[in-house]
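A.B. asks: Sharing a structure, written as structure tokens. Questions coming.
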Amino acid sequence: MEGIFGNHWLFAASVAELPEPGDYVTVDYGPHSLILVRDDNGGVNALHNVCRHRGARVLTEQSGTTGNLVCGYHSWTYAPDGTLIHAASAPGEKFDKDCFALKRAHSRVVAGLVFICLATEPPEDFDAIIPTIEPYLLPHELNKTKVAYQQDILEEGNWKLVMENNRECYHCDGHPELACSLFPTWGLSDGLIPPHLEEVWDRNQTAEQELQDRCDRYGLPYRVIEELNTRIAGFRISRESLDGHGESFSESGRRLSKKLLGDLPDFRLGRCSLHLQPNSWFHMLSDHVITFAAFPINERQTLVRTTWLVADDAVEGVDYDLDTLTHTWKQTNLQDANFVALCQKGASSPAYEQGPYMKSEYQVEMFIDWYRQRMQEHLA
Amino acid sequence: MEGIFGNHWLFAASVAELPEPGDYVTVDYGPHSLILVRDDNGGVNALHNVCRHRGARVLTEQSGTTGNLVCGYHSWTYAPDGTLIHAASAPGEKFDKDCFALKRAHSRVVAGLVFICLATEPPEDFDAIIPTIEPYLLPHELNKTKVAYQQDILEEGNWKLVMENNRECYHCDGHPELACSLFPTWGLSDGLIPPHLEEVWDRNQTAEQELQDRCDRYGLPYRVIEELNTRIAGFRISRESLDGHGESFSESGRRLSKKLLGDLPDFRLGRCSLHLQPNSWFHMLSDHVITFAAFPINERQTLVRTTWLVADDAVEGVDYDLDTLTHTWKQTNLQDANFVALCQKGASSPAYEQGPYMKSEYQVEMFIDWYRQRMQEHLA
Amino acid sequence: MEGIFGNHWLFAASVAELPEPGDYVTVDYGPHSLILVRDDNGGVNALHNVCRHRGARVLTEQSGTTGNLVCGYHSWTYAPDGTLIHAASAPGEKFDKDCFALKRAHSRVVAGLVFICLATEPPEDFDAIIPTIEPYLLPHELNKTKVAYQQDILEEGNWKLVMENNRECYHCDGHPELACSLFPTWGLSDGLIPPHLEEVWDRNQTAEQELQDRCDRYGLPYRVIEELNTRIAGFRISRESLDGHGESFSESGRRLSKKLLGDLPDFRLGRCSLHLQPNSWFHMLSDHVITFAAFPINERQTLVRTTWLVADDAVEGVDYDLDTLTHTWKQTNLQDANFVALCQKGASSPAYEQGPYMKSEYQVEMFIDWYRQRMQEHLA
């Protein structure tokens, strides 16, 4: 917890979860609880959810709207920037309110995604990747989206198993719904295609070429940038084609919402996917966005929060059907939760020893290499 | 647990919970389980609830009546004083029953309140406070009361947070029912009254003067004695006025039971309140008594047991209505349980640091000072 | 766990639970999970239930039938002997399947009882006891039985308390159903009979003599062999008489299934009982067999699995009534679970100290002596 979650930029929420000033969400990373609150200038403050008086948790709901933040115990009242603005006191009581603002964490909003950092000195490396990833993400204009649905799954495995599971498609036979649109050849490359996937691979190649032509036409970046183990803010970003109609995560590959996001020119834009260590991944499509956040609970449980965003003017029942929109990833998440639980259980046996990674799992190896580096640096 | 609960006198129950010889209650302090059983002479024995044969828990109910104490495993049978009086054995089996009495803890009954001590040598300091507190308590004659109601709340916080919460009324805005009768200026003094409480304070002062006059007339002690951090058996005792009619913890301040306790001469006697470290507090009124005991479960949970006592000849439905009698403190206890849980959660964050105490919280500071002293002595 | 369950032969199941090739059961000993699978040659393989790829638990059901063992995560496929026979891979991927068979534990089938050993070098002492115990067990021909019923109880006590409880009948007043057929004088001997058991003892002596005559006639061994603390595979075996009709664990002592096991010549054969450390005991009667296995969960919980076996051609509702067959031990098990829980609770008190064992508990003392020896050897 300290080495990884204490020293890195962590995904917390998207701006669609905090559309108006005063809107807040609370998120927990292990024993840490944080309040993210939108201020009047549109910024997002990250505040430790710990009253400076007696330590009570200040906000107890997962989300809501508030003017000031009032602790439920003795009514100490904080502004959305954390400043203590009221604490009942006796006349003449010497007490400097300025010393007791809620502790702040660092926060950044990148293309509508809110990140926080618990470290005193956040790693500067995060700044360096922003210019690289923003061109991929900005066209989806998250600030013009709204939350269609949010799902929390308490997975019976630690956060590391959750992230490892996300870095390979070697298990994609276990995701029949997802495999309709996401090519199960993901993670493979020429010369490594197993016979039963050769046909899919050909389709994938063709779709990829078409997508790249389309992106070139629209000036959208698509190149795979893979820096999972070469920097502190390990990440992978790309825009990749989808199977079938190539529009969205549906059985046919067709759009799931009728409203295009932002000023996107076309529905057939595949998926812009970002994996960002240590705790998040994202799929941005032309018609909706899905954010995934892993919040560690303890050494054997992780809360995985999935949020579906659609254009803020999309109307449920008219422009999208909620069950259809969320079907593929709801199923996929449940399948993944089961895989993670199997690993947690099995790897808890004293008989467990690390096995070999297949070539299609090279990103898992990269992630583990990153983890080793980060922990070595922390422990040094 | 060892430093505090192993080395101090602990409140366990009142004699009203054990009215007849053979009546018992079992109480747990962390991993310790004790039997309190009334013997034929009216004394109360405190016995470790651990069979001397194979270690089985002897009594499993929270309370009841028994002749001898029979272990459910092999029927070893103990007298109410713990003596082993029967263990099935083979003819000629050499076995000295005298060596296997149930282990005893120290016990004392003070004005009808039963205390136990787990230490080999109980701190003598407890003897010293008895002559001080008895004159306050004895007039309520607990030996002539009966249990009207008992409530157990499993609070999601450690016992220290429970006790700290009890030492201040800075949070009394969170107790609307209680604030009808208990002056929320409690803990304040002249010159420290915040503007919104000035009117209450004037009422409080007037009521206090009237109560003191009345007590002087009846020969009842009322002076505040506050020795929270100046001795091992840290305590605070006083008789203080109540708001409204000044009789009891009701919305109007009027009596909640029609029967006066003991030989008390008047219903308008406010509340005689005792706080006794480490684990109890009491409110004794003219018409009923409430005892509060904090039983630590583990490092983050505490069982808080509240018991309402009325005159033993008071008849439910005639002299008192049970819901009305218990309303104020049932609500107050739930509110306090919530406050304690907020503190436990918030203070578990690595971002927590101790904050400033307000003047109205001076007793919390005293309690913490006592705790530090006691732990230092234990660790030395 | 390591000293005892890591270094001894452990009972897992009987062959009646795995009648056909491909049948499997999974059993857990603390953090260890094992698959027992019957192979085509009638042998039983014990395999660690941990995929060699990423550590996922391979089989998740408690029992079933399978061809090969397929991991649910990435479909790695193992033969019933643990050999990895398929793992999807890319063309040309260098990967030696021979190195990634499921790890095996040692396994032995003794008279139809399946034992496993987690140690690299199993203690040889187990081999030595087999010729001693087989003559007692083999006549019941477990390979011609079937499972009539299986009951799992999660006992709130550690495995050691479970085993200790099983080694004495000093508590048999707590087993009224069992005491109808199992003489509660069990564990006693001449000169040690308490007065209230004298009549039972006389009956017991007579029944014993009759049983021994009968066994002599049929060539069945019956002598008590008690090596609880004189070897690594501590055990006790005997054939002892039952009360009443002397046939089975019923109220009258009469048979509970109409079909004799194996080629047994008579129903009146009492009980052939085996206690085998560290985790099992067995009662073999002429009409049915009961196996008991203690699977430790953690330091305060144990799963006790009881399995009733009848002749494989016995027909439920015709030859036996399931409720009647299982009644005595279902009740006895629940009573024992309560005793174990009482001990776990009481012995967790810091006030607990070990008490004296009565002569009728000499086998508990032997078991504890064995435990001390085994742990000393492990820690040395």
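Chains as they are written, first to last, in the numbering used here: chain F, 20 to 399; chain W, 20 to 399; chain U, 20 to 399. C-beta: ideal position from N, C-alpha, C; glycine also.
Starting from the N-terminal side, write out each stretch of the alpha helix (DSSP H) that is 4 residues or longer and does not extend beyond the stretch 197–245 of chain U.
C.D. replies: The qualifying runs are 217–237.
A.B. asks: Which bits of chain F does D221/W rub up against, with CB to CB less than 7 Å?
C.D. replies: Per Cβ cutoff of 7 Å: no residues; D221/W is ~15 Å from chain F at best.
A.B. asks: Thinking C-beta only, is F301/U closer than 8 Å to L293/U?
C.D. replies: Against a cut-off of 8 Å, the Cβ pair of F301/U and L293/U comes out as a contact.
A.B. asks: Would you please state the rounded distance, in angstroms, between the beta carbons of P110/W and P99/U? I believe it to be under 8 Å.
C.D. replies: Contact flag wrong, Cβ pair sits at about 58 Å.
A.B. asks: Any idea if C291/F is buried or exposed, counting beta-carbon neighbours within 10 angstroms, 16 or more meaning buried?
C.D. replies: Buried: at least 16 other Cβ atoms inside 10 Å.
A.B. asks: Does the beta-carbon distance from D171/W to R324/W come in below 8 Å?
C.D. replies: Closer than 8 Å, so yes.
A.B. asks: Which same chain residues end up closer than 7 Å to Y48/W when comparing Cβ atoms and leaving out the 5 residues on each side of it in sequence?
C.D. replies: If we look at Y48/W and ignore the five residues flanking it on each side, its Cβ neighbours are F24, L29, F314, P315.
A.B. asks: Along chain F, which residues have their Cβ under 7 Å away from the Cβ of S367/W?
C.D. replies: Correct list: P50.
A.B. asks: For the stretch 70–88 of chain W, which residues have a beta carbon sitting closer than 9 Å to at least one beta carbon of chain U?
C.D. replies: For the stretch 70–88 of chain W, which is checked against every Cβ of chain U, the residues closer than 9 Å are C70, R71, H72, R73, G74, A75, R76, V77, T79.
A.B. asks: Could you tell me whether any Cβ in chain U is nearer than 8 Å to the Cβ of A107/W?
C.D. replies: Yes, A107/W lies at the interface with chain U (some Cβ there is under 8 Å from its Cβ).
A.B. asks: For P50/F, does the three-state DSSP call read helix, strand or coil?
C.D. replies: Here P50/F sits in coil by DSSP.
A.B. asks: So, is the C-beta of S94/F closer than 8 Å to a C-beta in chain W?
C.D. replies: So, interface residue.
A.B. asks: What does DSSP give as the partner residues of I148/F in its beta bridges?
C.D. replies: Note: I148/F sits in no beta bridge, so no partner.
A.B. asks: Taking contact to mean 3 or more Cβ pairs, one atom from each stretch, closer than 8 Å, check whether the stretch 336–353 of chain F and the stretch 35–45 of chain U are in contact.
C.D. replies: No, the stretch 336–353 of chain F does not touch the stretch 35–45 of chain U.
A.B. asks: Residues of chain U with CB closer than 7 Å to the CB of K378/F, please, in chain order.
C.D. replies: Those are A109, E112, listed as they occur along chain U.
A.B. asks: Does the stretch 181–195 of chain U come close enough to the stretch 377–390 of chain U that 3 or more CB-CB pairs lie under 8 Å?
C.D. replies: Yes: at least three Cβ pairs fall under 8 Å.
A.B. asks: How about H67/W: is its C-beta nearer than 8 Å to some C-beta of chain U?
C.D. replies: So yes, H67/W belongs to the interface.
A.B. asks: Taking Cβ positions only, does P213/W come closer than 8 Å to chain F?
C.D. replies: Taking Cβ atoms only, chain F reaches closer than 8 Å to P213/W, which makes this a yes.
A.B. asks: Which chain W residues are close to G91/F, counting only those with a beta carbon under 8 Å from its beta carbon?
C.D. replies: Those within 8 Å of G91/F in chain W are G193, N357, F358, L361.
A.B. asks: Can you look up A312/U in the DSSP assignment and give me helix, strand or coil?
C.D. replies: If DSSP states are grouped into helix, strand and coil, A312/U belongs with the strands.
A.B. asks: Can you list, in chain order, the residues of its chain with a C-beta nearer than 7 Å to that of E270/F? Leave out the 5 residues immediately preceding and following it.
C.D. replies: C199.
A.B. asks: For E245/F and P38/F, I'd like the C-alpha separation in whole angstroms.
C.D. replies: So the two alpha carbons sit approximately 32 Å from each other.
A.B. asks: Along chain U, in chain order, which residues have C-beta atoms closer than 8 Å to that of L295/F?
C.D. replies: Correct list: empty, because the minimum Cβ distance to chain U is about 22 Å.
A.B. asks: Return no unless some Cβ of chain B is closer than 8 Å to the Cβ of L344/W.
C.D. replies: Any reference to chain B falls outside this structure, whose protein chains are F, W and U.
A.B. asks: Please work out which residues of its chain come closer than 8 Å, Cβ to Cβ, to E160/W, disregarding the five sequence neighbours upstream and downstream, and give them in chain order.
C.D. replies: G131, L280, G281, D282.
A.B. asks: Checking contacts by CB at 8 Å: is G374/F closer than that to chain U?
C.D. replies: So, interface residue.
A.B. asks: Go ahead and pull the three-state DSSP assignment for F119/F.
C.D. replies: In the structure shown, F119/F sits in a helix (DSSP, three-state: H, G or I).
A.B. asks: Going by DSSP, what residue range makes up the alpha helix (DSSP H) through V359/F?
C.D. replies: Per DSSP, V359/F belongs to the alpha helix (DSSP H) from 341–366.
A.B. asks: Looking at the C-beta of K122/U, does it have a partner C-beta in chain F at a distance below 8 Å?
C.D. replies: So, interface residue.
A.B. asks: By the three-class DSSP mapping on this structure, what secondary structure does H159/U have?
C.D. replies: Helix, per DSSP.
A.B. asks: Residues bridged to Q392/U by DSSP?
C.D. replies: Per DSSP, none; premise fails for Q392/U.
A.B. asks: So, does the CB of Y189/F fall closer than 8 Å to a CB anywhere in chain U?
C.D. replies: Yes - at least one Cβ of chain U is within 8 Å of the one on Y189/F.
A.B. asks: Do T204/F and W178/F come within 8 Å of each other at the CB atom, strictly closer than that value?
C.D. replies: Not a contact, by the Cβ cut-off of 8 Å.
A.B. asks: Of all the CB atoms in chain W, is at least one closer than 8 Å to the CB of K349/U?
C.D. replies: Judged by the 8 Å Cβ criterion, K349/U is not in contact with chain W.
A.B. asks: Please report the residue range of the alpha helix (DSSP H) in which K179/F lies.
C.D. replies: Taken as a continuous stretch (DSSP letters only), the alpha helix (DSSP H) holding K179/F covers 178–185.
A.B. asks: What is the DSSP secondary structure of M377/F, counted as helix, strand or coil?
C.D. replies: If DSSP states are grouped into helix, strand and coil, M377/F belongs with coil.
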